[in-house]
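Participant: First residue of the first sequence: 245, per the numbering used here; consecutive thereafter.
Starting off with a structure, shown below.
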Amino acid sequence: MRLATWNVNSVRQRLQHLARFCTTAAPDVLCLQETKVRDADFPAHDLRDLGYVHQVVHGQKGYNGVAILSRIPFEGEGTETWCGRDDRRHAFVRLPGGIELHNFYVPSGGPVPDPERNEKFAHKLQFLTEMARWGRRGRTAGRRLVLMGDLNVAPLETDVWNHKKLLRSVGHTPVESEHLQRALGDSGLIDAARHFVPPGEHLYTWWGYRFPRSLEKNYGWRLDHVWVSAPLLPALHGFRVVKETRSWERPSDHVPVVIEVA
DNA sequence: ATGGCTCTAACATAGAGA
Numbered sequence: 245m246r247l248a249t250w251n252v253n254s255v256r257q258r259l260q261h262l263a264r265f266c267t268t269a270a271p272d273v274l275c276l277q278e279t280k281v282r283d284a285d286f287p288a289h290d291l292r293d294l295g296y297v298h299q300v301v302h303g304q305k306g307y308n309g310v311a312i313l314s315r316i317p318f319e320g321e322g323t324e325t326w327c328g329r330d331d332r333r334h335a336f337v338r339l340p341g342g343i344e345l346h347n348f349y350v351p352s353g354g355p356v357p358d359p360e361r362n363e364k365f366a367h368k369l370q371f372l373t374e375m376a377r378w379g380r381r382g383r384t385a386g387r388r389l390v391l392m393g394d395l396n397v398a399p400l401e402t403d404v405w406n407h408k409k410l411l412r413s414v415g416h417t418p419v420e421s422e423h424l425q426r427a428l429g430d431s432g433l434i435d436a437a438r439h440f441v442p443p444g445e446h447l448y449t450w451w452g453y454r455f456p457r458s459l460e461k462n463y464g465w466r467l468d469h470v471w472v473s474a475p476l477l478p479a480l481h482g483f484r485v486v487k488e489t490r491s492w493e494r495p496s497d498h499v500p501v502v503i504e505v506a
């Protein structure tokens, strides 16, 4: 079974790219973030035509929004809200074989990495704290679980193109990295990317629009993550960042991440 | 210290992304 995650930065703007990606990479299940559309306007038919007839859609007008698209029937599905808000940032399904798949979109955190001065940064830290608590509740022990999505934190030095330069930039501050690593550690989940790509090697999934020629200069960040539980690790056979989508015409700033689970 | 670019909502520009 092939699972993918992709922050598409508007599902309606990215339909051609989704068709191209799904035709070539052929994921069985695809987690989307930043769909930016209310459920009534979600392009369900276009995605059904690509073979993704099973869909969990959890969106809102203009911002946020997650969806899980699948060729494989779900055995269960749901959504959750976080930090006492109605933001659409989390959906999950149960797949055949008892695999629990969670799709997350963590808040970006605004421009200033100070929770006293920036409410969005405080919200981000609170979200990561709630994630750590959520993962701890015996949710992962002995279970076949995959957590994937745009977690909006690049926790390792090699997860950004210039560690020293970006230490005070939101997404790579020590407090965010600590929060993310705590959520990972407390959950007992394994960072699938770093299972395949050693921590000493640079690895990115996002190249910003605003920095001139960020892709050509490879000024990237690893913001999109896949975590798997220990019982699934023997079945985890492949990991790939599909960087080429970033050079397609009018791309998302994020690229897909794909794993294979036997 | 700031903005760079892209998208949405709604029709000119402002907010969000990270």
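Virtual Cβ for every residue (Gly too), placed ideally from N, Cα, C.
What you are looking at is a predicted structure, and each value in this text was computed from that prediction instead of being measured.
Specify, as a first and last residue, the run of the beta strand (DSSP E) that Cys275 falls within.
Facilitator: 273-277
Participant: Using 8 Å as the Cβ pair cut-off and three pairs as the minimum, do the region 263-282 and the region 292-304 touch?
Facilitator: yes
Participant: Going by Cα to Cα distance, which pick from Thr489, His481, Gly393, Lys461 is closest to Asp468?
Facilitator: Gly393
Participant: Could you check the C-alpha separation between Ser254 and Val486 for me, to the nearest Å?
Facilitator: 18 Å
Participant: Can you tell me whether DSSP reads His261 as helix, strand or coil?
Facilitator: helix
Participant: For the alpha helix (DSSP H) holding Leu370, just list the boundary residues, first then last.
Facilitator: Just to set this straight, residue 370 is Gln in the shown sequence, not Leu. Here the alpha helix (DSSP H) through Gln370 covers 363-380.
Participant: Report the three-state DSSP secondary structure of Leu291 (helix, strand or coil).
Facilitator: In the structure shown, Leu291 sits in a helix (DSSP, three-state: H, G or I).
Participant: Which first and last residues belong to the beta strand (DSSP E) in which Asp468 is found?
Facilitator: Start and end: 468-472.
Participant: From which residue to which residue does the beta strand (DSSP E) around Gln299 run?
Facilitator: 298-302
Participant: Which same chain residues end up closer than 8 Å to Phe357 when comparing Cβ atoms and leaving out the 5 residues on each side of it in sequence?
Facilitator: The sequence shown places Pro at residue 357, not Phe. Here the set comprises Phe365, Arg412, Ser413, Val414, Thr417, Val419, Glu420.
Participant: Does the Cβ-Cβ distance between Asp403 and Tyr453 come in under 9 Å?
Facilitator: no
Participant: Check whether the region 472-484 touches the region 439-446, counting contact only when three or more Cβ pairs, one atom from each stretch, lie closer than 8 Å.
Facilitator: Contact holds: three or more Cβ-Cβ distances are below 8 Å.
Participant: Can you give me the Cβ contacts of Asp290 inside the same chain, cut-off strictly under 7 Å, excluding the 5 residues immediately before and after it?
Facilitator: Leu259
Participant: Closer than 6 Å by C-beta to Gly354: which residues in its own chain qualify, once you throw out the five before and the five after it? Chain order, please.
Facilitator: Asn362, Lys364, Phe365
Participant: Taking the C-alpha atoms as reference points, what is the distance between Arg332 and Val472?
Facilitator: 22 Å
Participant: On the CB-based measure, 16 or more other CB atoms within 10 Å of its CB, does Thr249 come out buried or exposed?
Facilitator: buried
Participant: For His346, which three-state DSSP category applies?
Facilitator: strand
Participant: Just how far apart, CA to CA, sit Phe336 and Thr325?
Facilitator: 12 Å
Participant: Given Ser491, which residues of its chain have a CB within under 6 Å of its CB, disregarding the five upstream and five downstream residues?
Facilitator: none
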